[in-house]
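Numbering (the numbering used here), first residue to last: 240 to 736.
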């Protein structure tokens, strides 16, 4: 009875605005973005050797994860948006569970784990409690596997990598947060400043820093009226350039055409499958990049484009001249602030040349497009769009964001992880994968993660659009090996006399 009384009291207090911390408008947008086809969960897998006991996992979570307040709080929607409310009925056993895989005849352990991840990817988290869950897969491959599901409203991928790194051996819980003095309420004006203007201002500074330090410097100089006239003229010129860039990028987003209508686009269902490949050596990827004056990202994304193109041609599709658009997250926060959680990232649209079958031509096309995105302020604009979406009622938010979903085939992340393998509760973290959610009608998610000297490529797909994501995965290594073979054929030094 006490629990029910506490729950009712908590609900009334939330409704009346008497307690709880207001959720940012961007995080509110992510909270309301769930749909039957696409749940806004970041899903990750750790493979551990030797096996891990649930008691050890629960103790580590208590010591390192629960000090982040968001993992003990409920995300509660109300008339003004949403708020973070402490869960009066928090129970760690609800969030740290165990499972043993059951295998069909002829199914390997990895396929069984992939099937379990697919099942959990479409299983909603309980909104009556904090929106996260860890499931420990006991006895996997002689060790353990850990499946993590965390709702995107809690944090973005960069922040969650920082959180997960605090869980490993040698990691540390976040420093205690200093309480901010509460300013006297001044009505809607202060509310707008706290929930939109100030966060957007911080993001603007970071976006300008990412795009080019000179632009950020010119904005900071505006706050120092004692600058010389010459300095003021320089600022004006620089700001005019930034303004023109913003206008150009805004027009590019607004007028973005549809990408190619492949079988990977359409109406998703509610069944997901995941797949991943064995890691490829990161040193070999870097060698290809050096040989062809390309970045590691260029090399990996060209392999992704090659794998997707090969998959479509394998189904009899003509990919000549086709391109698909992937939305790529761009971090907009200093790494030292990752522990603050929340969402602080923008998106840039990247066209992948899936119709190019020549591996070198495909690499150069990706390289040119990636270089064309440098200096873009589109991440700032998409972050602002999400902020505005969080201010709207849900139907209006859905209509606004679906404009981008119709022009996009995939969501793609590429994250550099630790160069050496980590340990977790005494076990070695042998392999790690994660997938960010797809929104609207997008049915394909691609993740590239470097870890422990290797690069991991993973796909999550809606089965109504892509029944067999493993077939895409199977094309990744051949695309990489084609580039590696070309690299090995290049002359590596002066010819002997």
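Glycine included, C-beta positions come from ideal geometry on N, C-alpha and C.
TODO: Would you give the residue range spanned by the beta strand (DSSP E) that residue 405 belongs to?
DONE: Element bounds for residue 405: not the beta strand (DSSP E) but the alpha helix (DSSP H), 396 to 406.
TODO: Evaluate residue 600 with the Cβ neighbour count: other Cβ atoms within 10 Å of its Cβ, from every protein chain shown; 16 or more gives buried, anything less gives exposed.
DONE: exposed
Open item on the list: Let me check you understand the geometry: is the CB of residue 380 closer than 6 Å to at least one non-hydrogen atom of the ligand FMN?
Closed with: The model depicted lacks the ligand FMN and carries no ligand whatsoever.
Task: Pair within 7 Å by beta-carbon distance, residue 229 and residue 511 - done: Any property of residue 229 remains undetermined from this structure, which presents the chain solely from 240 to 736.
- [ ] Report the partner residues of residue 694 according to the DSSP bridge assignment.
- [x] 519 and 689
Task: Straight-line gap, residue 708 to residue 287 (C-alpha atoms, nearest Å) - done: 24 Å
- [ ] Taking residue 588 as part of the beta strand (DSSP E), name the residues at either end of that continuous run.
- [x] 584 to 591
TODO: Return the residue from the list 634, 395 and 717 that minimises the CA-CA distance to residue 567.
DONE: 395
TODO: Taking all protein chains shown into account, decide if residue 573 is buried (16 or more other Cβ within 10 angstroms of its Cβ) or exposed.
DONE: exposed
Open item on the list: Just to check my reading of the structure: residue 636 and residue 268 have Cβ atoms closer than 8 Å, yes? What is that Cβ distance to the nearest angstrom?
Closed with: 6 Å
Task: Contact check, residue 199 vs residue 326, beta carbons under 7 Å - done: Residue 199 is absent from the structure shown; the chain starts at 240 and stops at 736.
TODO: Assign residue 562 to buried or exposed, taking buried as 16 or more other Cβ atoms, counted over all protein chains shown, within 10 Å of its Cβ.
DONE: buried
Task: residue 564 - DSSP class collapsed to helix/strand/coil - done: strand
Open item on the list: If the criterion is Cβ atoms closer than 7 Å, does the pair residue 218 and residue 514 meet it?
Closed with: Outside the modelled stretch of the chain, which goes from 240 to 736, sits residue 218, for which no answer is possible.
Open item on the list: Helix, strand or coil, according to DSSP, for residue 409 in the structure here?
Closed with: Residue 409 carries a coil assignment under DSSP once its states are collapsed to helix, strand and coil.
Open item on the list: For residue 695 and residue 519, I'd like the C-alpha separation in whole angstroms.
Closed with: 7 Å
TODO: Determine the burial state of residue 724: buried for a count of at least 16 other Cβ atoms within 10 Å of its Cβ, exposed for fewer.
DONE: exposed
Open item on the list: Applying the 10 Å Cβ sphere with the 16-neighbour rule, what's the burial state of residue 554?
Closed with: With a threshold of 16 other beta carbon atoms within 10 Å, residue 554 falls short and is exposed.
Task: Stretch-stretch touch, CB-based, cutoff 8 Å, three pairs: the segment 658 to 673 with the segment 603 to 613 - done: no
- [ ] Put residue 511 into one of helix, strand or coil per three-state DSSP.
- [x] strand
TODO: Would you check if the segment 679 to 693 and the segment 296 to 303 touch, i.e. whether three or more CB-CB distances between them fall below 8 Å?
DONE: no
Task: Proximity of residue 232 and residue 260 at Cβ, strictly below 7 Å - done: The question about residue 232 has no answer here: the residues shown for the chain are numbered 240 through 736.
- [ ] Alpha carbon to alpha carbon, how far is residue 399 from residue 386? Give it in angstroms, no decimals.
- [x] Straight-line measurement puts the Cα of residue 399 at about 14 Å from the Cα of residue 386.
Task: Closest residue to residue 603 among 634, 542, 556 and 571 (Cα-Cα distance) - done: The shortest Cα separation from residue 603 among 634, 542, 556 and 571 belongs to 542.
Open item on the list: Pop quiz: residue 362 and residue 336 are said to be a contact at Cβ under 8 Å. What is the actual Cβ separation, rounded to whole angstroms?
Closed with: Between residue 336 and residue 362 the Cβ distance is about 12 Å, and since that is not below 8 Å, they are no contact.
Open item on the list: Helix, strand or coil, according to DSSP, for residue 362 in the structure here?
Closed with: coil
TODO: Mind checking which residues open and close the beta strand (DSSP E) that includes residue 715?
DONE: Counting along the chain, no beta strand (DSSP E) covers residue 715; the unbroken alpha helix (DSSP H) around it starts and ends at 715 to 727.
- [ ] Locate the alpha helix (DSSP H) running through residue 543, then write down its first and last residues.
- [x] 535 to 553
Task: Helix, strand or coil at residue 356 [DSSP, three-state] - done: helix
- [ ] Grab the span of the alpha helix (DSSP H) containing residue 266 for me, first residue to last.
- [x] 264 to 270
Open item on the list: Assuming residue 545 and residue 345 are in contact, meaning their beta carbons sit under 8 Å apart, how far apart are those beta carbons, in whole angstroms?
Closed with: That belief does not hold up - the Cβ atoms of residue 545 and residue 345 are roughly 30 Å apart, past 8 Å.
Task: Under the three-state DSSP convention, the category residue 603 falls into - done: Correct three-state label for residue 603: helix.
Task: Helix, strand or coil at residue 640 according to DSSP, with G and I counted as helix - done: helix
Open item on the list: Does residue 251 come out as helix, strand or coil in the three-state DSSP assignment?
Closed with: Only weak support is given to the placement of residue 251: the predicted model assigns it a pLDDT of 44, under 50, and the value that follows is read from those uncertain coordinates. DSSP places residue 251 in helix when its eight states are reduced to three.
Task: DSSP state of residue 389 mapped onto helix, strand, coil - done: strand
Open item on the list: So for residue 622, helix, strand or coil by DSSP?
Closed with: helix
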